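Just so you know, the sequence shown maps onto residues 0 to 233 in numbering that gives the first Met the number 0.
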Amino acid sequence: MNNRWIVVLGVAMVLLPVTLMAQTDQNIPPMVGPGPGPQGSTPSESQPSAGPSSMRETLGAPGQTGQQLLDKQFLRSAVEGGIADVRLGQLAVAKGGPDVKPLGQKMVDDHTAINKDMGTVADSLGVQSPKKMGKDDQAEYDKLNGLSGKDFDTEYVVFMTKVHRQKMRDFYMEASVAADPGLAAEVVKAMMVLRDHLQMITKVATQDGITLPPRPPRPGAPPSGPPPPPPAAK
Numbered sequence: 000m001n002n003r004w005i006v007v008l009g010v011a012m013v014l015l016p017v018t019l020m021a022q023t024d025q026n027i028p029p030m031v032g033p034g035p036g037p038q039g040s041t042p043s044e045s046q047p048s049a050g051p052s053s054m055r056e057t058l059g060a061p062g063q064t065g066q067q068l069l070d071k072q073f074l075r076s077a078v079e080g081g082i083a084d085v086r087l088g089q090l091a092v093a094k095g096g097p098d099v100k101p102l103g104q105k106m107v108d109d110h111t112a113i114n115k116d117m118g119t120v121a122d123s124l125g126v127q128s129p130k131k132m133g134k135d136d137q138a139e140y141d142k143l144n145g146l147s148g149k150d151f152d153t154e155y156v157v158f159m160t161k162v163h164r165q166k167m168r169d170f171y172m173e174a175s176v177a178a179d180p181g182l183a184a185e186v187v188k189a190m191m192v193l194r195d196h197l198q199m200i201t202k203v204a205t206q207d208g209i210t211l212p213p214r215p216p217r218p219g220a221p222p223s224g225p226p227p228p229p230p231a232a233k
């Protein structure tokens with residue numbers, strides 16, 4: 000397969016997220032480039048400490064484009080967030096109610112598979128993958144570990160809702176700009192799984208009477224509610 004066909008394949012894979020996102024969330028921000036990393040953290044927050052190895056990755060090899068460096072940041076952040084999804088899912092399996100346990104197991108199974116695929120891409124691009132979740136996700140894990148019963152189920156379902164909505168936006172934007180066709184393909188494949196997760200989360204919330212947070216407004220969208228009254232005449 001020559002380079003021209005590789006480019007065509009990459010473009011075809013990028014077009015799929017547009018349909019996918021339309022089915023999942025109507026409040027997608029404009030495609031302005033990669034946003035915050037999964038789990039609501041920015042790519043810089045998800046990087047390992049700046050030792051010699053990570054410094055070389057940050058600077059990049061000679062000839063690398065800015066987008067190639069952003070792709071590496073996205074991969075590190077995506078894997079770190081995926082580790083959190085697995086660990087939190089394991090906690091849900093152990094402590095969740097009858098509807099939450101299967102949701103937790105689904106997260107464990109699917110995000111383990113996604114992390115494996117992302118890890119393969121990371122290896123091909125020379126990216127050192129994180130081995131543990133970030134500090135914000137660790138704080139959420141500790142919080143959940145101190146809850147039980149309905150309180151645990153509510154906190155877990157609400158948190159998973161927020162996380163997966165953010166992931167869908169981040170993955171959507173990465174699929175539209177990724178420099179590596181292999182990375183773009185894995186991102187699109189992961190988005191299909193994330194879409195299914197959001198549907199399952201919504202179903203569990205309905206069954207358990209859990210109120211989900213509203214979707215965040217599109218950046219730049221007009222505020223909801225009646226318009227303010229006109230200024231009083233002087």
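The C-beta atom is built at its ideal place from N, Cα and C for all residues, glycine as well.
Remember, predicted model here, so these are calculated numbers, not experimental data.
Should residue i and residue j be called a contact, given that it needs their Cβ atoms to be closer than 8 Å?
i      : j      : result
Glu154 : Phe73  : no
Val162 : Met117 : no
Gly125 : Met106 : no
Val192 : Asp136 : no
Lys115 : Ile82  : no
Met199 : Leu90  : no
Please report the distance separating the alpha-carbon of residue i from that of residue j.
i      : j      : result
Met190 : Gly96  : 27 Å
Val85  : Ser123 : 23 Å
Thr64  : Tyr171 : 20 Å
Pro213 : Ala204 : 13 Å
Asp179 : Asp169 : 16 Å
Gly148 : Lys94  : 8 Å
Asn144 : Val176 : 38 Å
Gln165 : Gly80  : 11 Å
Ala121 : Ser128 : 7 Å
Pro215 : Thr160 : 12 Å
Val99  : Ala138 : 20 Å
Lys142 : Phe158 : 11 Å
Lys134 : Gln206 : 31 Å
Val92  : His196 : 16 Å
Ile113 : Asp150 : 29 Å
Arg194 : Thr201 : 11 Å
Gly181 : Gln104 : 28 Å
Thr119 : Glu185 : 10 Å
Val156 : Arg75  : 25 Å
Ala183 : Gln67  : 12 Å
Lys188 : Gly208 : 31 Å
Thr210 : Asp70  : 35 Å
Asp152 : Leu146 : 9 Å
Pro35  : Met167 : Residue placement at Pro35 is flagged as unreliable, the pLDDT there being 40, under the threshold of 50; the coordinate-derived value follows with that caveat. For Pro35 and Met167, the distance between alpha carbons rounds to 11 Å.
Considering just the uninterrupted stretch of the alpha helix (DSSP H) at residue i, what are its terminal residues?
i      : result
Arg168 : Gly148 to Val176
Ser123 : Val99 to Ser123
Gly80  : Gly65 to Lys94
Leu193 : Pro180 to Asp207
Lys134 : Lys134 to Asn144
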